[in-house]
Amino acid sequence: MGTMGRMSRLLAIALLAICLMAASAGDGAAAWSGSPRVTVELVSERDGVAPGKTFWIGLRQTIAPGWHTYWSNPGDSGEPPQIDWTLPTGFTASDISWPNPERIRLGPAMSYGYSNEVVLPIQLTAPANLVPGTQVTVAGRASWLVCEKECIPEEAPVSLSLPVVAGEPGLHPTGAPLIARARQAVPSPSPWPATFTATPETVTFAVAARGLVPDRISEVWFYPARWGAIDHAAAQQARVDARGITVEVARGQLPEATAAPIEGVLVLTERLDGGVVRQAFALRAAPAAATSGLALLRSVALALAGGILLNLMPCVLPILSVKALGLIQHAAGSARAMRRHGLAYSAGVLGSFAVVAGTLLALRAGGERIGWGFQLQSPLFVTLLAYLLFAMALALSGVFVIGARLSGVGQSLAARSGYGGSFFTGALAAVAATPCTAPFMGAAVGFAVTQPWTTGLLVFEALGLGLALPYLLLTLIPTWQRFLPRPGAWMKRLEELLAFPLYASVAWLVWVLSQQAGPTAVAAALGGLVLIGLAAWLFRISRHARATWRGAGLTAVAALVVGAVALGPLAGTAPARDPAQAAGGRAEAFSPRRLAELRAQGRPVFVNVTAAWCITCLVNERVALRSDAVTEAFARKGVVVLKADWTSRDAGIAEMLGSFGRSGVPLYLLYAPALSGRAAASAPAVLPQILTEGAVIDAVNRI
Amino acid sequence: MSEPSLSRRAFLASTGLAAFAGPSLARTGSAWAATAAKVGTPAPAFSAVATTGKTVSLADHAGKIVVLEWTNHECPYVRKHYETSNMQALQKEATAQGVIWLSIISSAPNEQGYVSASQADDLTKTRGAAPTAVLFDPTGVVGKMYGATNTPHMYVIDKAGVLQYAGAIDDKPTSRKSDVPGAQNYVRVALASVAAGQPVKTPITRAYGCTVKYA
Chain A
1 MGTMGRMSRL LAIALLAICL MAASAGDGAA AWSGSPRVTV ELVSERDGVA PGKTFWIGLR
61 QTIAPGWHTY WSNPGDSGEP PQIDWTLPTG FTASDISWPN PERIRLGPAM SYGYSNEVVL
121 PIQLTAPANL VPGTQVTVAG RASWLVCEKE CIPEEAPVSL SLPVVAGEPG LHPTGAPLIA
181 RARQAVPSPS PWPATFTATP ETVTFAVAAR GLVPDRISEV WFYPARWGAI DHAAAQQARV
241 DARGITVEVA RGQLPEATAA PIEGVLVLTE RLDGGVVRQA FALRAAPAAA TSGLALLRSV
301 ALALAGGILL NLMPCVLPIL SVKALGLIQH AAGSARAMRR HGLAYSAGVL GSFAVVAGTL
361 LALRAGGERI GWGFQLQSPL FVTLLAYLLF AMALALSGVF VIGARLSGVG QSLAARSGYG
421 GSFFTGALAA VAATPCTAPF MGAAVGFAVT QPWTTGLLVF EALGLGLALP YLLLTLIPTW
481 QRFLPRPGAW MKRLEELLAF PLYASVAWLV WVLSQQAGPT AVAAALGGLV LIGLAAWLFR
541 ISRHARATWR GAGLTAVAAL VVGAVALGPL AGTAPARDPA QAAGGRAEAF SPRRLAELRA
601 QGRPVFVNVT AAWCITCLVN ERVALRSDAV TEAFARKGVV VLKADWTSRD AGIAEMLGSF
661 GRSGVPLYLL YAPALSGRAA ASAPAVLPQI LTEGAVIDAV NRI
Chain B
1001 MSEPSLSRRA FLASTGLAAF AGPSLARTGS AWAATAAKVG TPAPAFSAVA TTGKTVSLAD
1061 HAGKIVVLEW TNHECPYVRK HYETSNMQAL QKEATAQGVI WLSIISSAPN EQGYVSASQA
1121 DDLTKTRGAA PTAVLFDPTG VVGKMYGATN TPHMYVIDKA GVLQYAGAID DKPTSRKSDV
1181 PGAQNYVRVA LASVAAGQPV KTPITRAYGC TVKYA
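The listed protein sequences correspond, in order, to chains A and B. Per my numbering, residue 1 is the first one in the first sequence, and the count goes up by one each step. Per my numbering, residue 1001 is the first one in the second sequence, and the count goes up by one each step.
Given below as structure tokens:
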């Protein structure tokens, strides 16, 4: 029991010290007291008290080397300091504003606390009826636990005398800087929303702190405000990227702790050129499911708007025009048939979106790094889409006729095949829409792919509903139909004319194929198109032939289509392109390493994430990026253009898109030259998805 | 995330067993090494040497309610409950009803709270304590298996061998003796529920006290 003897001797000395100090406590000065391990004193920010005013004081603990006191959540053991106040009449004291703690590991346990010195700030409010010229003394009994390996509960009286002054009291020469420093260490409310997801083993926090520079963050630690939700002692796996911060940690012992928001302090240690900065943020992480309600609503709204705008995109317009013609035809029919066509078309759009989105989400769940438009990264799909559009174009040109749907002006449209046709058109519109990204869509789709499949599918279906909506409303609200032109012979001409945007689409798809898979694929696809053409012709003549010939003809048509489709895989077997060659022109091919290199050299960088099958991208390039004014602006600022080509699958690019909350192209990033020590300057500006010359030049001028 | 920490624990436990424990800690099944105690699941089996020199196993007390008390007589929080006779009263109350009370010392040699068998018996006598046995866990294997971080750290195991309570002795996490009378004693409440075959209302609490002085 030697230690105990030593301890009580020390305690006696400390008590003696307390008495002496208390006796010598003077005007405006603090009395310090405590033990050989911890001395405590009250310090004041101000050298006087103004009636009715609020001011800061602090409990200062000076802690012997090797010992520590505790934070508000002491961790796996320990106890936070406490003050029992004896305040003059009318005074009130706030709770302690806890400066962010440090971690103290003892064996399998983790403590959160302070070493060397800590000032615990407290706000005092003076009553209004204080009389200037008098003296007030705030006093209390501070108690705390101090531990090295062993723990000792200690307590001591503390007091502080201050003169009452009229007007603004001055700053206390020693107290003010101490309290200022302490308050800097008190966590500020997090500027970023935070959520968490819990599994039976882990809790993962996601903090939407965008634009941090991962390289500069040397440490991230989440200090929970309370015991139970997470394992204090477990390692925390933190990841910082452009999307924000995620921290994964083993779950704590209290199962119900993850049913409510988890509060705590996120401490970021950032390496700056001038040294290391610790920043503490008070977080309140809500269970992810609860907050995604709002995010979901926003994404659904954005998707709906994006879907409506898709109708105007060049990939959808030809198909929609065909549909519009159909609508005029249907105007001759009953309102009920009309509604049914509208619903069938919408069902086609939604069904098609469900298939595409379901496939996308399923493949992503399987670990594929793909995004919106992924199906166009498959040469086979591009080939088949070209066949389909070509067949449609041939039908519009009158090479063959599918039922009476497209050419039978004025005929009754009650036929079942009419509804099937509407469904088919809807499905086709959805497929054709894929290469286009409308405004608002990027964020919604980017959100959708990161969600559980039900939520993701809901967002995609909102997009589909948006696409279907204009036509659907037109069929559902008969009064709107008055604005449509009257049917007539002009429709036949228009229909034939509309074949040409479709032929153009086919030409474009073949070009995409040439970018994706090279000349062999193009040859195969063109051969396939010839077979489709032949099949279409055979289909027409066999319809008017005798029954025996008709059977043979249809068999031949089927054989030709199968032959064309069989050529598809041949397209897919061509070797992948050399990315450097693919970039072409003045742009360099993008790679994360090249981007880092250029940025290290202090060069401004423009990253163009694009794909040959992305019409929006091509339009942007033509209209904005290759204009003389933009070229001149890039040259003036020495901007290096990096082109990230997503025509074919590329996990690296998919990941980069993901880091900006996107799942599809286009994405335009402008990195300002890295300034020394400025984190904000290092995050790129994200340019709009529909570029204008002016927008690009403005952004370049700002760097 | 929990995978590495579990396997680390398993690793510690198994190396601890192999290196130090020798005959004092018998291997009592493969599950214990990897599985830390979890309320609502079977309490991990263990064996440890008592002050009597005999090896005591949890399995020896199958069919009985068992209380585990991690202790360190020098810890101010342990002293709070012994110097107010709070702990002894609970021990007597419990053992009188047939509860097995095992006080476990996981302090490593040369650490606070580490005592010889005779010192431990002296402490029991002088403090008027009434545990069924006082066990030594100098390698910390049992303590870490149960995730004991504090002294006192309390566990209640029901007659079926299922862990029903883990955490603090009461709801006043201080070292002040004056807090004992007004406190709600979680262990007493848990024992009453377990004896009545009812679920424990507050089965998990934050233990408070000193850290266990593991090696």
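Beta carbons are placed, not taken as given, at the ideal position from N, Cα and C, and that holds for glycine.
- Three or more Cβ pairs drawn from the stretch 1164-1172 of chain B and the stretch 1199-1213 of chain B lie within less than 8 Å of each other, which places the two stretches in contact.
- Contact with chain B is absent for Gln61 (chain A), since none of that chain's Cβ atoms lies less than 9 Å from the residue's Cβ.
- When only Cα atoms are considered, Tyr223 (chain A) and Pro189 (chain A) end up about 14 Å apart.
- Straight through space, the alpha carbons of Glu1074 (chain B) and Glu102 (chain A) are spaced by roughly 26 Å.
- A Cβ-Cβ distance of about 30 Å is found for the pair Thr434 (chain A) and Gln481 (chain A), leaving them out of contact under the 8 Å criterion.
- Tyr1082 (chain B) and Val38 (chain A) have their C-alpha atoms some 26 Å from each other.
- Using a CB distance below 7 Å, the part of the stretch 211-227 of chain A facing chain B consists of Trp227, ordered along the chain.
- A distance below 6 Å between beta-carbons, with the five flanking residues on each side excluded, links Arg550 (chain A) to the following residues of its chain, in chain order: Ser542.
- Taking a beta-carbon distance threshold of 9 Å, Glu1074 (chain B) counts as an interface residue toward chain A.
- Between Ala499 (chain A) and Pro379 (chain A), the CB-CB gap reaches or exceeds 9 Å.
- At a beta-carbon threshold of 7 Å, none of the residues of chain A lie near Gly1197 (chain B); the nearest stands roughly 22 Å away.
- In chain order, Lys1144, Thr1149 and Tyr1214 make up the part of chain B whose C-beta sits under 7 Å from the C-beta of Pro108 (chain A).
- Per the Cβ contact rule, the stretch 382-396 of chain A is in contact with the stretch 497-513 of chain A (3 or more Cβ pairs under 8 Å).
- Taking the CA atoms as reference points, Pro108 (chain A) sits about 28 Å from Thr195 (chain A).
- Of the residues assessed, Ala1190 (chain B) falls on the buried side of the cut-off, its CB having 16 or more other CB atoms within 10 angstroms.
- The three-state secondary structure of Gly175 (chain A), taken from DSSP, is helix.
- In the three-state scheme derived from DSSP, where H, G and I count as helix and E and B as strand, Leu254 (chain A) is classed as coil.
- Assignment of Arg486 (chain A) by DSSP, reduced to helix, strand and coil, places it in the coil class.
- If you compare the alpha carbons of A:Leu657, A:Leu687, A:Glu588 and A:Thr555 with that of Asn620 (chain A), the shortest gap goes to A:Leu687.
- Among the residues of the stretch 1161-1188 of chain B, those with a Cβ less than 9 Å away from any Cβ of chain A are Ala1166, Gly1167, Pro1173, Thr1174, Ser1175 and Arg1176, in the order of the chain.
- With fewer than 16 other CB atoms across the displayed protein chains lying within 10 angstroms of its CB, Gly1182 (chain B) is exposed.
- About 4 Å separates the beta carbon of Ala564 (chain A) from that of Gly528 (chain A), a gap short enough to meet the 8 Å contact definition.
- Put simply, the stretch 301-316 of chain A touches the stretch 459-478 of chain A. At least three CB pairs are less than 8 Å apart.
- Between Gly426 (chain A) and Ser299 (chain A) a beta carbon distance of about 23 Å is seen, past the 8 Å cut, so the two are scored as non-contacting.
- Our two residues, Cys151 (chain A) and Asp84 (chain A), have alpha carbons roughly 21 Å apart in a direct line.
- Residues of chain B whose Cβ lies closer than 9 Å to the Cβ of Leu160 (chain A) do not exist, since the nearest Cβ in that chain is about 24 Å away.
- Its Cα nearest to that of Ser115 (chain A), the residue A:Arg60 stands out among A:Gln123, A:Thr137 and A:Arg60.
- The residue among A:Ser591, A:Cys614 and A:Trp98 with its C-alpha nearest the C-alpha of Val607 (chain A) is A:Ser591.
- Closest option to Ala295 (chain A), judged by alpha-carbon separation, among A:Gly275, A:Trp508, A:Thr455 and A:Asp95: A:Thr455.
- Within the stretch 1197-1211 of chain B, Ile1204, Arg1206, Ala1207, Tyr1208, Gly1209, Cys1210 and Thr1211 place their CB atoms closer than 8 Å to a CB of chain A, listed in sequence order.
- Rounded to whole angstroms, the gap between the alpha carbons of Ala651 (chain A) and Lys1038 (chain B) is 41 Å.
- With its beta carbon less than 9 Å from one in chain B, Gly78 (chain A) belongs to the interface.
- DSSP lists A:Ser161 as the beta-bridge partner residues of Thr137 (chain A).
- Counting only Cβ-Cβ distances below 9 Å, Pro153 (chain A) has contacts in chain B at Pro1076, Tyr1077, Lys1080, Thr1174, Ser1175 and Arg1176, in chain order.
- It is roughly 13 Å from the alpha-carbon of Glu632 (chain A) to the alpha-carbon of Val641 (chain A).
- The residues Thr258, in chain order, have a CB closer than 6 Å to that of Ala198 (chain A) in the same chain once the five nearest residues on each side in sequence are set aside.
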